[in-house]
Structures are given as structure tokens and as C-alpha cells.
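Have a look at the structure below before the remarks.
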Amino acid sequence: MPHPHTVSSHKKEHRKEQYPLPADREQALLMYELMLKIRLFEEQVNELYTSAKMPGLAHLYSGQEAVAVGVCQALRRDDYITSTHRGHGHCLAKGASVDRMFAELLGKAAGYCRGKGGSMHIADQEMGNLGANAIVGGSAALATGAALSSKMRGSNQVTVCFFGDGALGQGVLYEAMNMAALWKLPVIYVCENNLYTEYTPIGETAAGEISARPKAFGIHTETVDGQDILAVYGATQRLVERARQGEGPAFLVCNTYRYYGHHVGDVQRAYYRSKEEEQEWRTNRDPIKLLGARLIENDRATPAEFERIAQRVQTEIEAGAQFALNAPYPDPSEVTQHVYA
Amino acid sequence: MPHPHTVSSHKKEHRKEQYPLPADREQALLMYELMLKIRLFEEQVNELYTSAKMPGLAHLYSGQEAVAVGVCQALRRDDYITSTHRGHGHCLAKGASVDRMFAELLGKAAGYCRGKGGSMHIADQEMGNLGANAIVGGSAALATGAALSSKMRGSNQVTVCFFGDGALGQGVLYEAMNMAALWKLPVIYVCENNLYTEYTPIGETAAGEISARPKAFGIHTETVDGQDILAVYGATQRLVERARQGEGPAFLVCNTYRYYGHHVGDVQRAYYRSKEEEQEWRTNRDPIKLLGARLIENDRATPAEFERIAQRVQTEIEAGAQFALNAPYPDPSEVTQHVYA
Amino acid sequence: MSTLSSQVSSSQVSSGHVASSQTSSGQQATQGTREMTLGQAIREALAEEMRRDPRVFIIGEDVAEAGTAFKVLTGLVAEFGPTRVIDSPISEAAITGLGVGGAMTGMRPVVDIMFGDFIGLIMDQLANQAAKIHYMSGGKLKVPMVLRTTLGATRRSAAQHSQSLHAWASHVPGLKVVLPSTPYDAKGLLKTAIRDENPVVFFEDKMMYQLKGQVPEGDYTIPFGVADIKRAGTDITLVATSSMVQVALAAADLLEPLGISAEVIDPRTTVPLDTQTLIASAKKTSRAIVIDEGYEQYGVTAELASIIADGAFYYLDAPVKRMGAMNVPVPFSPVLEDLTVPTAQTVTDMAKTLCGKA
Amino acid sequence: MSTLSSQVSSSQVSSGHVASSQTSSGQQATQGTREMTLGQAIREALAEEMRRDPRVFIIGEDVAEAGTAFKVLTGLVAEFGPTRVIDSPISEAAITGLGVGGAMTGMRPVVDIMFGDFIGLIMDQLANQAAKIHYMSGGKLKVPMVLRTTLGATRRSAAQHSQSLHAWASHVPGLKVVLPSTPYDAKGLLKTAIRDENPVVFFEDKMMYQLKGQVPEGDYTIPFGVADIKRAGTDITLVATSSMVQVALAAADLLEPLGISAEVIDPRTTVPLDTQTLIASAKKTSRAIVIDEGYEQYGVTAELASIIADGAFYYLDAPVKRMGAMNVPVPFSPVLEDLTVPTAQTVTDMAKTLCGKA
Ligand SMILES: Cc1ncc(C[n+]2csc(CCOP(=O)(O)OP(=O)(O)O)c2C)c(N)n1
Ligand SMILES: Cc1ncc(C[n+]2csc(CCOP(=O)(O)OP(=O)(O)O)c2C)c(N)n1
Ligand SMILES: [Mg+2]
Ligand SMILES: [Mg+2]
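Those protein sequences? They're chains S, R, W and Z, same order as listed.
Oh and the first sequence: position 289 is 289 in my numbering, straight run, nothing missing.
Oh and the second sequence: position 198 is 198 in my numbering, straight run, nothing missing.
Oh and the third sequence: position 53 is 53 in my numbering, straight run, nothing missing.
Oh and the fourth sequence: position 160 is 160 in my numbering, straight run, nothing missing.
Here is the structure:
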């Protein structure tokens, strides 16, 4: 894969609105680095899968990095997130370390869940990550409950509930949104619309306008270009501010795209989407390229800096994977631990 | 109870729109008679309960008669309905006979379900009544499936799904509406908003505008005064016509009120609604009075005719209840019948 | 909705299994006890725990002003206000999930699901979320939540409001399942449930809400996994749960004049299960019947019977018999419904047969 | 979506229980049979039934072009079109309910629920609607629907994608529950399921989709409630379901050289259950182990074991033993996951102990 920060090929997109770069140059570079970390992490996961070193499957987040990072950059460390089967990006964006994540993916005791959770269940409560959920829509009510809890505790925490467009099919989402609206809970529903639920295009699974659904419950709703991290970040900042002020829940639709298959094993995709479509997103809508270009255009960074970041991240990823490969499996006795607290 | 057709006390309401009386005088009188039949049926049910002749409880439909009758008058016999815990009105409006209904309520073998269903589960498939459901929202998907089925069979049947405002809390309703919209199914969701879910006012259980919810799924939605049978009937006719033409699902909000408690045992209601509110609806918004007044204003009927109808209905109700009281219970051996077909 | 007082301290986190007082219901507590109904005992346990721990709150349909459809919670909203006794929309799945999320983040939710029949709507939240979060997270997250719901037939409520579905919950590792059968047990077990660090499903028999019994004032807990010998006997063991405990006790009364001494054992919790006490009793009496109001097929009676048949194998003089609800949807008609549940008479008949006195 | 051909006639309503051909899988059918996988057998059964009866249609997530996540339905949409092989939104509850409504009104839906773990989302539709409508209506309405779903662990899919929850469905009167263990059984049982007038829940082991076996061409059905003796033996009975049948057969192979002759019995349907064959075998061998991949606690093993312990009470030389999945959420880590399910070795060890040869 060409280095994603090779921005020269980036075709300028006509955007309605130009969201400002963060005033803080360091934060902008951090966003870049985090997105790149997710990208390279997922490359490594794919590599582990194809070389048969990872048990099971994984759902790669590649292509959607601006959503996780843009949202989480607008959160405090003690704010909560809930995540999905496609959760590595959320986890990293909320501050997880790559070594323990890889260890979890390989079922090792050093993993975030001592190897018990795996790719679809990483939780990292120290960073406010309440865990990934392999039930589509399964965290909608949990996240809303976390928001109810923080309201009751007066902690001023905000909860972000990440889910895909597929979760719009799950009734519990509407049940939860109704209560969030009734009780003005500090929860932000972030719908990552990547156009497909597994192998079926969104047009076949969702009637009407997505954004009309939360609005019908009286929930403040915005839609952004999920490939533009500045748009995602800017919108989330506003919504978090509202929530902290007690103004209630919000819903953010992020239009985005996954580069790989539904999971690592989904390589023959022609029957549900075209190579051209994939190429178009990779070439012209890549979130890392887009941010890189903005930074260079605005003289906030140089290609050399990107190169240094890439080196650093690549080293971290490789070390993390190596750590995980060398780490021991949990002791067999752990199988009966943690059934009850 | 004063005869409900005593229209003299009817205070003229200011209505935005005057829906026309049916061209056919007989149909108008039939509407009147059916509403009265439901009213008197429920009076009799209450009587059976308070005199300890009916096992269990019942949820009376009194006050909401214009919805069931107005909707069902716009349906063919082979059109389907699904009903709720508050289902006696739907059942009668779709053509059930009072004797077999009373028999069911008393658990007798002559009942519509051989006494196995009781008040909350009367089904009458000969009239297209697919049955009442005691799970709030429980028939949303069933009704949608019946609509899918009639579309597949090319039968041109329409399915009406009755439910209360409380069912708006059940996620499966949104799941079902989404599919109905995607596949343009001939189903009409009729939401009877009687302002309460058991003992809790609608404002505490439903955020936003009710009608915005189906609209968000691209479903054609209308709201009518559920006490005005001509409004209900007129709207349903349009929606049924659309559905038969293949134009897809619709949602009809009927604003209405239940006169009695949530169930026959709910007699102390002051903690959740006032006597004044109840009186206001009974006095000024009674669907039977309203239709009666319209018929007289327009010289379509006379008080004497109403009196004759009332006599006839009262006789039918009394005979039906008597039939049921005298009818035998099912044989004990029936307990293991009908577990499997 | 206001904020709970900031004095929630970790010192209030009690370990769920330590019983501050453990009493066999056999002994009649007299000092500081009052007669009250099972429903009142539930309410008292909730009120005391809510006073004790500001993290405890109640959420459910019609729980506040209405005090639930069964009037069990009457008065709680007056004392604790609508921010701690929360009326919800009719959204069983989501309120359960809200409970899970609240429990994961420092609260102690008590979720009220009106009829046990409705747990079909929440099995994903219970079994895939609540039960698994502690394990999946490698022990980092926990879900200290109580879900109260009901069971029991013969209320003439027909097939969708009469089931006893505790077998479903009992099948799922990660959940604890409680079935109180007396006011005394109800109060003590509910307190234990609220202080437990795990998701606990608490089934209350609707018909037993009016059952009266002695209940101590103030604080006591009853440990999970400790069966209670509700009546001692020597000839046959009647293992009975929830609603069926009274039936078994009545059967024991009928058997006594026939010269059959029945021991009635109430496991009180199906998960964890006190297999020791069940097996020991069966070894002693050499005969056992298991009685439970859930459907007999693939139900709680199967687990209990197979555990006794295995554990007391070399001591049994007769096969272990199971008496569950008849394997039919619950019919409305009283003449049919009454046939579907075990009664003192049918239990007595079975016991007589097993003891060779039929 | 177009309309199905109007020639749907009531003569196509077949009685679900008549087997047009009944074969013990012990005998190798040769004429007109081919080797195929269990997945292919499922597909063939569906294709043949859809050709035979225009009322049969499939609805589920990614069932059409994708042919399901397990590629079991590949090719069906090409033959039958998207109006009979319908891709749905991710709405398990509603598609199940649509199936129920469709079945009530003249269709024969086959609902596809990708992972058996998701039945937590549909238990209300299954247990309160599908299972009860015939009974509640006094026999007037019926629900001839098949719900296909999966079970089985060891795919490294973790706690929410590895469960075997057939005990839940088996607990509910009104449902039938089918667990095929060979390609031959899969085809014959699925045809019976589709022709049955009742809601049938059909659990397929994900790991067995690639299992190969002989399958006859053309039409045959296998009646429900008839257990199959997968291997005859004299010393011990191994009752095994679904995925565990292969485990039991492998254990029998390991036991043979030790001089222990194991009989392997597959009930094939848990509801209705062929109690006769189970009991008769245990009476013959005097020892039994029940093996099933569901959680052991309050699971299918409990029902089967208690039925054998009761029915063969006077013939048993040892307690009936149960081997289910370990009572833990399924862990992701392979080293842990492999410990949670019975294996040929653990079954062999248990059998040796029971036969006094450990
Ligand atoms: C309740 C439930 N149904 C089905 C699945 C199987 N499944 C896993 S991911 C997926 C598609 C999810 O699509 P979407 O929500 O858009 O997320 P994306 O994969 O596009 O990130 C499905 C159907 C599941 N995990 N949970
Ligand atoms: C799923 C479910 N939850 C709760 C109940 C208990 N319950 C029965 S009727 C009812 C209120 C229903 O309100 P609504 O839908 O507005 O109908 P109404 O009684 O006003 O006619 C409730 C909560 C139920 N039957 N089903
Ligand atoms: Mg998607
Ligand atoms: Mg209402």
C-alpha cells in the first residue's frame, strides 16, 4: 500500500464548508498521527490474519479513521464511548495502546480483556471505553444508561455511542433515543454510515432519510462528511458542549466508507460493490490524505514531519504486534474466572 | 348511564374540517349502531366483572369507538386487522358476534377461541381479524408480515395494525415500519393516542411529535380527530385506496380517549388524571353523540330511529351475555389440544 | 432530574455474598418482626436499600405514582422522588439496557419488568450484555444490577401474562437467579441482590404478593446459594421453588396423616444452586419430587431432578419425579388453566405413588 | 416485488409428520445419492421445497446475493429471484414477526437468523407470538414457519457469536426444535420442517456446514420425534445432539479398542422428543452420558438426563452423566475456548469412568 500520507495525488474536493484547523498545531498533528496509527494498525491486523497468526476474524476500520479520531478528540478522558464489531479505531482513538490491543486480538493474557474478549469486545475502562459490542445496535441502550448514570451522579460526563448504518435496523435504538430525548441525557449517537451493512447497500435496508429518524424524537441532529476530520471534530465539539450544558442528546451522521471487506475474509466484493467505487473513496476521499493536504496548504506541517510520524507509528505498531506474538496465553484456569464479580 | 345517543347536551365543537357524511344513509346508521354496540358491550363487560361473573380483567374500549368503526368501515371483509389488549371494539367493528365474544370472555367453549384466549386474544379469522395481542406492540411485525403475504399472493388485501400510543415505545414497531416502507407493503398503522399508557401520560413516555416518527421512514402519515368517525372513515378510505394501488404503507394517528380505567379494576384514577378531563371528553367529545348530532342536523335520522337502534343493540347484548353465561366450559381434555396444528 | 448527592463513596460497595444475618425461615423471628405481605417486604427492602445507598434507583413502567401494576412500589416515589423512581416508556429492552449501562458506570439500577412473560423482549440485553460484560472484559467492567420481574399462572391472564420463564435466565452463565417464596426470604434476598456485584434476575410470584409472614425490622440479608429447609421430614423430599413452595407445604400437610413425612426444600436461588442440600435430603429420604411452575419441558425441574438423580444415585429408592407446568401455552379458561399447574393434591398423589402408598 | 403464481392450492398442504422415506443414517444410501456438505444439503432442501411450493420464501440478512454470511444459500436468489429470497435490514425481531404474520396468512416463510446468539432479540416473537397463536386462537390460526439459525463454538468468535441456545426454544410449548447432525438428516429434516404446520426452529452447527456425507437426490423427509441410532453398541449409551454427534462417534471409536462398546443416539429433534429410544438404549446398556453444546446449567442435557434417569431407573448401573458447554460465557482465546466444549477425549474419559475402566 502506498503511504497514506502521500498527498500529491489528492484531487481537491469541492466542499460546502471549510472547517477550521484546530488552533493548536500539536492537536492537528495528533489527529493525523492517530488516524495513521489506526490505518497501520489495521494493516497489521490484516497481515496477522492472512498469515494465519490471528484466530478468528476482524472488521477493519480503515477508511473511517476521521470519525473515531474526530469524535474522540472532542471528548474528555473520563467521557464514555461504546463501540462496535468494527471497533479498533474507536479504541485507539480513545487512547488504547497498540500492544495490549494486539495481545487481545491474539487471545493473550496481556490483552485488554486477558484474551477473553478478542477483536469484537475490547473494553478499556481507564480511558472511558465501555467496550465494543458484537450485537449490532447492542450498545445503544447501554450508552444511554451510562448517560443517565452520569446525569444522576452529576459528573458532567458525556457518552458517545458509535454504531454503523446497520444499527438503524435495530428497534432498541429508537427505544433508547426516546428516553434520551425525554430525559435530556448527555449522549451523542454517532452513526457511521459507510453505505453497507455487511454485503447489502444502505438503500436496501433503510427507508427515508437517516437524519429524520432522530429528529422525529426531538433529538438535535447533524450530518457531516465523515472523511473530513475537521468537520467531525467541529461538530462533535458543539454537540458535546450542548450535552454538558444539559441541553440533551444529539445525533451525528458521519458519511464514510470502509476500504476493506466487511471482515478480513471478505475479499471478493464485486457482487456488492465495484472496484471503481472503492478506488474513488481511497483516492479522493481518504481522511488522512485530506487532513495532510490541509496541513500542508496551511503551512502547518511538512512532508518530512509526516514521514517522521509515519516512522514512529510504524515502529510502535511493529513493536506492539511483536509484543503480542511473544506474549503468553492465559492460564487454562482463567476460563472459569470472571463469570461473576 | 344516560343513553349515549341523547344528543341534546352535545356542545357544538369547532372543527377545522367537516368530513362529509357517507352518501349511503344506511352506512351512516350502521356506523352509529356499531359504535353503540361496542359501547353497550363494554358496559356489559364491566357489569360482568363487577358482579364477579367474568374471570380476570378486561380493558374497555369505551370512548374510542369511532376509531375501530371508522377504520373497519373502510375495509373489505377479507382485509386483515390486528388488535390489542383493548381489542373488543376492533373485534366487533370487524364483524364479530357478541355472543361468541362474551363466551370467550367467560372462558366458555363456544367462545371465538374455545375459551383459550380470553379478553386479550380474540381472533376471528373469518372476518380477517388475526387476533388481539397482549404484548404491547406485539402485532406490529405480524401485521406487516400479513401485508407482505398479501402482496406476494397478489390478493390486494390491506392490513390494518391497531395499537395504542404506548406501542410507540416498542422498537419492533420501527423495525417493521422500515420494512413496510422499503417494500411498499399494504399496511396501515393506526395509532390510537388516548393520552395514557396505563397510568402514565403520553408526555412522559413519547418524545417529539408522534407523526414525525413514521414520516421519518418515508411513510405517508395523517392525523385525525379520533372522536369524529367521519374523519377517521374518510382518512382510512384514502389510505386503503393508496395501499391497494400499491402506493405503500400509511400511518394514521387518531386522537382519542378511553372513558374507563386502564382495565376494569382501575377505578381510583385521580392520581393520574382528573375527573374534569374525563367529563370533558364524555360530554363534548363523545363519538356516538357527535355522529348522532351530525345525522340529525343533516336530517338523516331521527331521535326515534336512534331509540330503535338502541333497543335492538341492547337486546342483542343482553342475549349474548345470557348465552355466554349459560354456555358450557370446554372439556378438560381440551387443555392439551391445539398446542400443535 | 436532579443529581444524586455526591457522597457516594466506594466504602458503600458491599461484597454481595456476606450475609449480615442468616436465618432459617424455620425459626420464627419474634423480636422486632412484624407480619407483612410479600409485596410489602419487597417494598421495604427497596426502601431500606435506597436509603442506605444513593446509587440505587428504580426504573420501569408505571413504577412511580402508580407504584406498578401490582402496587408493590406504592409510596416509594413519594420518599425518593421521580429521579430515583423513574417511570419509563413501554420499552423493556431499552430500560434493561439502560440499567446495564448505569450499572457499568457506578449506579445500582433496579429494573422493573412488569410481567415475566416480557423477558422475551430483553433476553439479548440480559444474556448477551448484562451476563457477559464482566467476563468479556476480563473482569474489568461489572454490572451490579437487579432485574425484578414476575411469574405465575392462575390469574386468568392467558398465555402472554402467565408464564414462569426463569429457566431461560437460569440457563445463562453470568446471571444470578432468585426465587423468593416467603416475605422473610423476599426482603433478605432482595437486599442481597441489590448489594451483589452481578446482574441478578429476581422473580416474584404475582399470586404471592398478598402472602403474609413475619419479617424482621431493619437490615438482614440472605446469602445466595443456600437452600432453605421449609419443613423437615424423613420419607420424601419435595424440592419446590417460588409459588410451588406453598403447594409443597400444603401437600406435606396432606401427606402427614397418611404417615408420609415430607421434607420441603426451597433452593431460593437457581443460580447459584445449593446442590449439597438437595442431594443430602434426597439421600436421607431416598425419594424426591421437584416442583416448579415453569413449563416442565427443558425447565428448572429437569436441572434439579438430574442433579439429585446423579448426586443421590446410590441412595434413591425410586426415580426422581418432576412436576412443572403442563407443556401447553397457559389457557384463559379457568377450568383449563387450573389443570396446568401442580397443586397440593397432584403433588400428594405423586408422593403417595412414589412411597408406594397410592 | 411481484406476485406469486396463483396456482397455490390447498392440495399442497402436506401433513408434516408423514415421512415419504425413512432411513437410518447407519445405512449408506447408494443409488441416486451424492456426497455433499451439510451446507449444500440445506440449500438443496430449500431449493426443492421452493420449487415444489410457491408459498415458501426466505427472508433474512444478506441471504440473497451474499447467500448468507456462511454462503449456505448461494445461488438461491438466482433461481428464485429477490421476491422469494429477501434481503432484510438488521431487524431480527421484526423479520421473525413478519414471518409469523406471513405464515398466518397463507405463506410458508423460512426466516434466517444468522447467529443463534441473536435469538435473544426474537424470543418474544418466537415464544409469545409464533408458539402461542394456534393455541390462543383455539386452533383457528396456525403458523407454518421455519426459523433457521445456528449454534456452536470454537470458531474464535467470542461470547456473542458462539452460543448454542436451543434450550430456550426447547422450553416453549408450541415450538418444534430440530438439530440436524449429518447432511442426510439436514435435508430430510428441513423438508419436514417446511411442510410442518407449526413454527419450527432449526439449529445448524456452523462448524458442520463443511461436514460431508451421502445425500439422496430428490424428495425424502425425516419425521420429527424419531431418534436415530448413529452407531449401535452395548456397554454405554451416548446421547448426543447436533455438533456433539461427531464428538460422540469419535469417542466411540476411542472406546472400542478399550473394550467399551458405545451406542450413539441422536434425538434429531428436542421437541418432539423420542423418549422411547433414549430410554430403551439406556435400559440395554445400563449407562448413559448426554452430550450437548449448550450451556450445561438448565440446558438440554438436564432434560435428556432426567428423562433417562427416570425411565431407565431400575436398569441403570451408574448415574446418568451430563456434558454440556462449560458454564461460562464463551471466551475468545483459543486456549480457553477449547476447554469449554466436550471433546472426544473428555467424553471418552467420562465413559471410561462410568464403565469402571478409568
Ligand atoms: C443483532 C445482530 N444482527 C446481525 C449481526 C451480524 N452482523 C455483524 S456486522 C453486520 C453489519 C453491520 O452493519 P453496520 O452496522 O452498517 O456496520 P459496518 O459493518 O458497516 O461497520 C451484521 C449484519 C450482528 N452482529 N448482530
Ligand atoms: C411489552 C409489554 N409491556 C407492558 C405491558 C403491560 N401493559 C399492558 S397495556 C399497557 C399500556 C398500553 O398503553 P397503550 O399502548 O397506550 O394502550 P391503551 O391501554 O392506552 O389502549 C401496558 C404497559 C404489555 N402488555 N406488554
Ligand atoms: Mg455499515
Ligand atoms: Mg394509550
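All residues carry an ideal CB built from backbone N, CA and C; glycine is no exception.
In angstroms with no decimal places, state the Cα-to-Cα distance between residue 186 of chain S and residue 157 of chain S. The count along the first sequence starts at 1 and reaches residue 186 of chain S at position 186. The count along the first sequence starts at 1 and reaches residue 157 of chain S at position 157. Rounded to whole angstroms, the separation of the alpha carbons of residue 157 of chain S and residue 186 of chain S is 7 Å.
Whole angstroms are fine: how far does the CA of residue 29 of chain R sit from the CA of residue 286 of chain R? For this step, residue 286 of chain R is matched to residue 286 along the second sequence. For this step, residue 29 of chain R is matched to residue 29 along the second sequence. C-alpha separation (whole angstroms): 16 Å.
I believe residue 146 of chain Z touches residue 184 of chain Z by the beta-carbon criterion, under 8 Å. Please report the beta-carbon distance rounded to the nearest angstrom. Locating residue 146 of chain Z in the fourth sequence gives position 146, where the first residue counts as 1. Locating residue 184 of chain Z in the fourth sequence gives position 184, where the first residue counts as 1. About 18 Å separates the two Cβ atoms, so there is no contact after all.
Would you say the beta carbon of residue 61 of chain Z comes nearer than 8 Å to a heavy atom of ligand 1? To locate residue 61 of chain Z, count along the fourth sequence from 1; it is residue 61. Checking the Cβ of residue 61 of chain Z against ligand 1 gives yes.
Note down the Cα distance separating residue 346 of chain Z from residue 263 of chain Z, rounded to an integer number of angstroms. Mapped onto the fourth sequence, residue 346 of chain Z falls at position 346. Mapped onto the fourth sequence, residue 263 of chain Z falls at position 263. Cα-Cα distance, rounded: 17 Å.
Can you tell me which of W:78, W:65, W:259 and W:62 puts its alpha carbon nearest to the alpha carbon of residue 50 of chain W? As a working mapping, residue 50 of chain W is identified with position 50 in the third sequence. Ranking W:78, W:65, W:259 and W:62 by Cα distance to residue 50 of chain W puts W:78 first.
Helix, strand or coil for residue 245 of chain S? Go by DSSP, reduced to three states. As a first step, residue 245 of chain S must be located in the first sequence, where it is residue number 245. If DSSP states are grouped into helix, strand and coil, residue 245 of chain S belongs with coil.
I need the straight-line Cα distance from residue 290 of chain W to residue 322 of chain Z, nearest angstrom please. Taking the first residue of the third sequence as position 1, residue 290 of chain W is located at position 290. Taking the first residue of the fourth sequence as position 1, residue 322 of chain Z is located at position 322. Going by C-alpha positions, residue 290 of chain W is about 18 Å away from residue 322 of chain Z.
What I want to know is whether the C-beta of residue 192 of chain R ends up closer than 8 Å to one or more non-hydrogen atoms of ligand 2. The residue given as residue 192 of chain R occupies position 192 in the second sequence. Distance from the C-beta of residue 192 of chain R to the nearest heavy atom of ligand 2 is below 8 Å.
For the alpha helix (DSSP H) that residue 287 of chain S lies in, which residues bound it at each end? Numbered from 1 along the first sequence, position 287 holds the residue referred to as residue 287 of chain S. Counting along the chain, the alpha helix (DSSP H) containing residue 287 of chain S begins and ends at 287–297.
Tell whether a beta-carbon distance below 9 Å holds between residue 140 of chain R and residue 161 of chain R. Here the question's residue 140 of chain R lines up with position 140 in the second sequence. Here the question's residue 161 of chain R lines up with position 161 in the second sequence. Result yes, Cβ atoms of residue 140 of chain R and residue 161 of chain R sit closer than 9 Å.
Taking the runs of the alpha helix (DSSP H) that are 4 residues or longer, which of them lie wholly in the region 205–281 of chain W? Counting whole runs of 4 or more residues, the region 205–281 of chain W contains the alpha helix (DSSP H) stretches 243–255.
Member of R:73, R:116 and R:56 whose CA lies at the smallest distance from the CA of residue 26 of chain R: Counting from one through the second sequence, the residue named residue 26 of chain R turns up at place 26. Ranked by how close their Cα comes to the Cα of residue 26 of chain R, the residues R:73, R:116 and R:56 have R:73 in first place.
Interface residues of chain W around residue 310 of chain Z at Cβ under 9 Å? Here residue 310 of chain Z refers to the residue found at position 310 when the fourth sequence is read from its first residue. The answer, in chain order, is 305, 309, 319, 320, 321 and 322.
DSSP three-state call for residue 293 of chain W: helix, strand or coil? As a first step, residue 293 of chain W must be located in the third sequence, where it is residue number 293. Note: residue 293 of chain W maps to strand in three-state DSSP.
Less than 9 Å separating the beta-carbons of residue 246 of chain S and residue 184 of chain S? Against the first sequence, residue 246 of chain S aligns to sequence position 246. Against the first sequence, residue 184 of chain S aligns to sequence position 184. The Cβ atoms of residue 246 of chain S and residue 184 of chain S sit closer than 9 Å to each other.
Counting beta carbon pairs with one atom in the region 228–237 of chain W and one in the region 96–105 of chain W, are three or more of them shorter than 8 Å? Verdict: no, contact absent.
Within 9 Å, strictly: CB atoms of residue 208 of chain S and residue 102 of chain R: Stepping through the first sequence from its first residue, residue 208 of chain S is reached at position 208. Stepping through the second sequence from its first residue, residue 102 of chain R is reached at position 102. Between residue 208 of chain S and residue 102 of chain R, the gap from beta carbon to beta carbon reaches 9 Å or more.
Count the other CB atoms, across all protein chains shown, that sit within 10 Å of the CB of residue 328 of chain R; report buried if there are 16 or more and exposed otherwise. Position 328 of the second sequence, counted from the first residue, corresponds to residue 328 of chain R. Exposed, since its Cβ has fewer than 16 Cβ neighbours within 10 Å.
Identify, in the order they occur along the chain, each residue of the same chain with its Cβ nearer than 6 Å to the Cβ of residue 22 of chain Z, setting aside the five sequence neighbours on each side. As a first step, residue 22 of chain Z must be located in the fourth sequence, where it is residue number 22. Caution applies to residue 22 of chain Z, whose pLDDT of 37 falls short of 50 and renders its modelled position unreliable; the model cannot decide the point.
Expected contact under 8 Å - CB spacing of residue 104 of chain W and residue 148 of chain S to nearest Å: For this step, residue 104 of chain W is matched to residue 104 along the third sequence. For this step, residue 148 of chain S is matched to residue 148 along the first sequence. Rounded, the Cβ-Cβ distance is 11 Å, inconsistent with contact.
Counterpart residues of residue 129 of chain R in DSSP-defined beta bridges: Indexing the second sequence from 1 puts residue 129 of chain R at position 129. DSSP links residue 129 of chain R through a beta bridge to R:81 and R:124.
Roughly how many angstroms lie between the CA atoms of residue 339 of chain R and residue 265 of chain R, to the nearest whole one? Taking the second sequence and counting its residues from 1, the one referred to as residue 339 of chain R is at position 339. Taking the second sequence and counting its residues from 1, the one referred to as residue 265 of chain R is at position 265. Cα to Cα, residue 339 of chain R sits roughly 31 Å from residue 265 of chain R.
Residue 200 of chain S by DSSP, collapsed to three states: which one? Reading the first sequence from its first residue, position 200 is the one you call residue 200 of chain S. Residue state, collapsed to three classes: strand.
Please determine, among R:132, R:176, R:118 and R:318, the residue with the shortest C-alpha to C-alpha distance to residue 41 of chain R. Looking up residue 41 of chain R in the second sequence gives position 41. Selected option, being the one with the closest Cα: R:318.
Where residue 91 of chain R sits in the DSSP three-state scheme: Numbered from its first residue, the second sequence carries residue 91 of chain R at position 91. Correct three-state label for residue 91 of chain R: helix.
Decide if residue 315 of chain S is buried, meaning its Cβ has at least 16 other Cβ atoms within 10 Å, or exposed. For the purposes of this step, residue 315 of chain S is taken as the residue at position 315 of the first sequence. By the neighbour-count rule (16 or more Cβ atoms within 10 Å), residue 315 of chain S is not buried but exposed.
Residue environment, residue 271 of chain R, which counts as buried when at least 16 other CB atoms sit within 10 Å: Translated into positions along the second sequence, residue 271 of chain R becomes position 271. By the 10 Å Cβ count, residue 271 of chain R comes out exposed.
Does the beta carbon of residue 37 of chain W fall short of 8 Å from some heavy atom of ligand 4? Taking the third sequence and counting its residues from 1, the one referred to as residue 37 of chain W is at position 37. The answer is no for residue 37 of chain W.
Does the beta-carbon of residue 189 of chain W have 16 or more other beta-carbons within 10 angstroms, so that it is buried, or is it exposed? On the third sequence, residue 189 of chain W is found 189 positions in, with the first residue counted as 1. Note on residue 189 of chain W: 16 or more other CB atoms within 10 angstroms of its CB, so buried under the neighbour-count rule.
Chain-ordered residues of the region 182–195 of chain R with a beta carbon less than 7 Å from chain S: Flagged, chain order: 182.
For a contact defined as C-beta to C-beta under 7 Å, what are the partners of residue 175 of chain W on chain R? The residue labelled residue 175 of chain W in the question sits at position 175 within the third sequence. Think of a sphere of 7 Å around the beta carbon of residue 175 of chain W: no beta carbon from chain R falls inside it, the nearest being about 22 Å out.
Residues, ordered as in the chain, of the region 78–90 of chain W that lie near chain R by beta-carbon distance below 9 Å: Here the close residues are 87, 88, 89 and 90.
Quick one: what's residue 323 of chain W bridged to in DSSP? Position 323 of the third sequence, counting from 1, holds the residue named residue 323 of chain W. Answer by DSSP bridge pairing, in chain order: W:291.
Would you say residue 251 of chain Z touches ligand 2, meaning its beta carbon is less than 8 Å from a heavy atom? For this step, residue 251 of chain Z is matched to residue 251 along the fourth sequence. Relative to ligand 2, residue 251 of chain Z has its C-beta separated by 8 Å or more from all heavy atoms.
With a cut-off of 8 Å on the beta carbons, I'd call residue 37 of chain W and residue 179 of chain W a contact; round off their distance for me. Locating residue 37 of chain W in the third sequence gives position 37, counting from the first residue. Locating residue 179 of chain W in the third sequence gives position 179, counting from the first residue. Going by Cβ atoms, the distance from residue 37 of chain W to residue 179 of chain W rounds to 17 Å, so no, they are not a contact pair.
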